[in-house]
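Trainee: Residue numbers for the first sequence follow the numbering used here, beginning at 21 and rising by one. Every residue, glycine too, gets a C-beta built ideally from N, C-alpha and C. Quick caveat: nothing in here was measured; it's all calculated off a predicted structure. Pasting a structure below so you can have a look.
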Amino acid sequence: MSKNNLNYSYMDFLSKVIVGIHEVSTITNIPVRKLRYWEEKGIIQAVDPTAKSRQFNLANIKKIILVQELLDDGYSLDGAARKVEDRIAKLDSLMSLIEI
DNA sequence: GTTCTCACA
DNA sequence: TGTGAGAA
Numbered sequence: 021m022s023k024n025n026l027n028y029s030y031m032d033f034l035s036k037v038i039v040g041i042h043e044v045s046t047i048t049n050i051p052v053r054k055l056r057y058w059e060e061k062g063i064i065q066a067v068d069p070t071a072k073s074r075q076f077n078l079a080n081i082k083k084i085i086l087v088q089e090l091l092d093d094g095y096s097l098d099g100a101a102r103k104v105e106d107r108i109a110k111l112d113s114l115m116s117l118i119e120i
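Here it is, written out as structure tokens:
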């Protein structure tokens, strides 16, 4: 097992803290309508797609904030999404290697 | 309150 | 790429 307790808790935290779409919109300053559009495009995933209203976890909120910054810098939506996926994958990979 | 869908820029 | 609006 390469993950230590601290890193497991961090990933656990990111995936288990769930927030309603309206609160996500308020926090990120991104319209609900746009969040639903991104979900439709597969950039972000609702916790339970079959639920009556959408909820997102903190990992998704990180994505949302990063994607929006890249869009502001002129990236296409797909380009921004790829870059964010890449960064998160690399960071998570590094986190799993760190020994405290 | 939220979602869907269609139209539109 | 993102929004408006009506219906549900």
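#1: Alpha carbon to alpha carbon, how far is I118 from G62? Give it in angstroms, no decimals.
#2: Taking 8 Å as the threshold (C-beta atoms), are L86 and R56 in contact?
#3: Curious, which full-length alpha helix (DSSP H) runs of at least 4 residues does the segment 29 to 68 contain?
#4: Per DSSP, which one or two residues make a beta bridge with N77?
#5: Assuming contact is defined by CB atoms lying nearer than 8 Å, are V39 and I81 in contact in what I supplied?
#6: Quick check on S96: does DSSP put it in helix, strand or coil?
#7: Whole-angstrom Cβ separation of S45 and V37, contact assumed at under 8 Å?
#8: Quick one: what does DSSP say K103 is sitting in, helix, strand or coil?
Mentor: The short version:
#1: 30 Å
#2: no
#3: 41 to 48 and 52 to 61
#4: I38
#5: yes
#6: coil
#7: Going by Cβ atoms, the distance from S45 to V37 rounds to 16 Å, so no, they are not a contact pair.
#8: helix
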